[in-house]
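Heads up, the thing below is written out as structure tokens.
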Amino acid sequence: MPLNSKPESLILGLGTNSEWQPIASSNGEAWILKPRRIGQRDTDFGSLSFPDSKKHFIATRPGVFWMTPKWVKDPSSLENSKRGEDLGYVLVQREDNSCVLLLPIPTSTQRGRLFLRNGICAGLRSDPNTPPESPQPAFLIAHGTDPISLLASVIRITREILPSFKLREEKTVPNFVDTLGWCTWDAFYKEVDQEGVLNGVRKLKKGQHCPAFVIIDDGWQKVSQSDKLINTEADIDSFPDSLEGVIKQLKSEYGISFVGVWHALQGYWSGVAPEGEIGLRYATETVEGAPEAFEGWHKQFSSESRTHITAQDINRFYHAFYRELSESGVDLVKVDNQAQLEIFTDREDLAENKTCAAYQSAIQTAATQEMGGNLLHCMGQSTEIYCRLSEGNLARNSDDFYPQKPDTAQVDHIVQNAFNAPFTSQFCLPDWDMFQTYHPRAEFHAIARVISGGPLYISDKPDQTKHAMLDRLVLGQNRILRFSQPALPLARQFFNDPRRSKEPLVLINSHQAGFGAVAFFNCHPHETLDGKFKIEELTGFNAPQYAVLNHQDQSICYYSPREYIHCQLAPTNATLFSIAPVFYGQACLGISGKLNGIAALLAVEEFGRGSVRYTLSASAPVSFASTKKIRKVLLNGLELGRDKIHETVSGYTICIPEFPNHSCTLDVQTEISGT
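Plus 4 on top of the position in the sequence shown (first one is 1) and you've got my numbering.
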């Protein structure tokens, strides 16, 4: 579709006292807006409208912390935003099926705002003493044909404008994400203690799935009655041997490689206690008044008073805090409550943008220096945080997994993750959260974690783990085979809420070297749905033929890129397909018996005359679909005996020794005519 638009034909309401500047874009047309500020703190530009709009996709933020997708024809039907609930971005599908993206961006002293007030409105929030005579970038607008490509393109443009963040592929992924983890949250909630942590790991190890990383979640700290952090030590009543003592046991007795701890960005949910050790050592600010966004919430959110360390002192605090944690054996930190910093600074004399930048710089540089960058961002899905991820490269992608909530909540969790990923995955690796192996929808969640490309960790209560589930996800005790790319929804489904659609949600993972996977999710509570997908919808998949493994029934079929793969799913169910290119009548489907087995494929090289070399990230029995006999197999250059090549209904299993942490090469020679 040819594009030749002007911004004023795409959006109405942002033209006063401002000028759109065109920017080069690889996926459509793009412009940047530098509006002039009116007023001291907040500038209100009023209502926006999008001519020829058909449907709006709005990244709302109800309750401050998480972006939640909403699909509406009329945005005025949505509830008005409260303080702290600014929108992430807006994508509009036009009548000609092209789409328009409007993204607010932050600078060091101000940020563009999108919010709901009888429709979509725009504004600026500036720090005190920001000069009005120097307009700064506040919004990007873009016009294209593919919403997912448009998001990626605009965020890359933003990267060129703002020096405050880096793209996901520019940063190192924390190394613990390729291992199985266990988090204490759903196992104990705030009742976590020393014996519970040790017993939980003991039971997992007994079942032959000892995690490589453990996160001690909320409940380990010494806090006041008003939910404020008193000091940086573990609560002695819950951890009598100290944090250091427990970590020593976890590592020496159970072989845990990484131990992490949780904390809120501001210290605890309501910050730090001014009269405590931290409050006396560092300069603080206090904001009074219960936030409107948390009306009716638990007191940890609806507190009348919030105290935070000042922007000037926060770097000193975090470097000292993380150094202390590191000396106690802590290897990673999960930092919660991040987006609430806006509410902590909701006072006319406080600099919200400067404080946000200072806090993000502090936790990221301290985690890099003291813990090798092992930092998990959480509860921080705002553009002002994403646009400051210069070193952080792992962030929670959705609200929590809620094990006690009904099926509708389990579906909401998947939908939120799926449609947040096109945006969030540009900045960092999305984490789809922990889950429990014995949950009624464990398979639904397991398939989601596999396709996600993110970490895989559980929150099982001691002695309840379904180890048969972990057997399908884990190699050895704790090695995770993880896709190299984040999962994405299909562009053709982007403007349809899958909970109201007549087809399953399709998530794709292009992985690498022409190998990938597709997952289908029936997001309806009562209807059985039929789904379909073409391999050509995966990026870069252009081999003449592919073998496809259906993990629902273990069947293997062959498809050209343009043929439809079909499936049928019962309500609130999911299935996964592994996809591999065919060479000389055979295709490598990865490690046998694993939902994520094909993620082990790193590279493939064709040598001619029936010979193909596969490089895998781990050594273990490997499955092949094959319509021809395998003549010879070399493992790391040495020929395997025929007794290691087992024929199956659809091909072969090559039985090689299991070494979860060692890569290997397989040279497979297939019989072809004339040889």
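Beta carbons are placed, not taken as given, at the ideal position from N, Cα and C, and that holds for glycine.
Within a 10 Å sphere around the beta-carbon of GLN342 sit 16 or more other beta-carbons, which makes this residue buried. Note that the C-beta distance between GLU567 and LYS538 is below 8 Å. Per DSSP, reduced to three states, the secondary structure at PHE143 is strand. The distance from the Cβ of PHE119 to that of LEU91 is about 6 Å, consistent with a contact at the 8 Å cut-off. Taking 8 Å as the cut-off, the Cβ atoms of GLN344 and VAL68 count as close.
Bounds of the alpha helix (DSSP H) holding CYS360 are 356 to 375. Per DSSP, ILE251 has no beta bridge partner at all. Taking all protein chains in view, the Cβ of TRP301 is surrounded by fewer than 16 other Cβ atoms within 10 Å, so the residue is classified as exposed. Residue ILE484 holds the alpha-carbon nearest to the alpha-carbon of ALA216 among GLU651, HIS555, GLN516, ILE484.
With contacts defined as CB atoms closer than 8 Å, PHE525 and ILE602 fail to qualify as a contacting pair. Judged by DSSP secondary structure, THR428 falls within the alpha helix (DSSP H) whose first and last residues are 411 to 428. The distance from the Cβ of PRO141 to that of ILE165 is about 6 Å, consistent with a contact at the 8 Å cut-off. With a 10 Å radius around the Cβ and a threshold of 16 neighbouring Cβ atoms, PRO444 comes out exposed. If only complete runs of 3 or more residues are kept, the region 172 to 253 shows the beta strand (DSSP E) at 184 to 187, 217 to 220, 225 to 227, 233 to 238, in order along the chain.
Considered as a whole, the region 556 to 606 harbours no complete run of any alpha helix (DSSP H) with no fewer than 4 residues. For ASP182, the closest alpha carbon among the candidates GLY275, ARG453, GLU237 is that of ARG453. Each of HIS449, ASN31, ASP435 was checked against the Cα of ALA156, and the nearest Cα belongs to ASN31. Counting the other CB atoms within 10 Å of its CB gives GLY612 a total below 16, which places it among the exposed residues. In this structure, the CA atom of SER332 is about 23 Å from the CA atom of TRP273.
At the C-beta level, LEU606 and GLY594 stay beyond 8 Å of one another. Residues LYS207, LEU208, GLY211, HIS213, THR441, TYR442, ILE462 of the same chain have their beta carbon placed closer than 8 Å to that of THR469, with the five preceding and five following residues left out of the count. According to the DSSP assignment, ASN319 belongs to the alpha helix (DSSP H) that extends over 318 to 331. Burial is judged here by how many other beta carbons sit within 10 angstroms of a residue's own beta carbon; GLN414 has at least 16 and is buried. For PHE525, the uninterrupted beta strand (DSSP E) run begins and ends at 519 to 525, by DSSP.
Taking C-beta atoms under 8 Å as the contact rule, LEU379 and ILE367 qualify, at a distance of about 7 Å.
By the Cβ-count criterion, VAL653 is exposed, with fewer than 16 other Cβ atoms from all chains shown falling within 10 Å of its own Cβ.
Of the other Cβ atoms in all chains shown, 16 or more fall within 10 Å of the Cβ of GLU33; this residue is therefore buried. Judged by DSSP in its simplified three-state form, ALA452 adopts helix. Shown here, ALA472 sits in a helix according to DSSP, grouped into three states.
The region 551 to 568 makes no contact with the region 419 to 436; the number of CB pairs closer than 8 Å stays below 3. Counting only the Cα atoms, GLY283 lies some 46 Å from PRO493. Note on GLN316: under 16 other CB atoms within 10 angstroms of its CB, so exposed under the neighbour-count rule. Taking ALA238 as reference, the option from LEU329, LEU37, ASP56 with the minimal CA-CA separation is LEU329. Each residue's CA atom was taken as its position, placing GLN516 and ASP416 some 29 Å apart. Assignment of PHE498 by DSSP, reduced to helix, strand and coil, places it in the coil class. Contact between the region 185 to 194 and the region 46 to 64 is absent, with fewer than three C-beta pairs closer than 8 Å.
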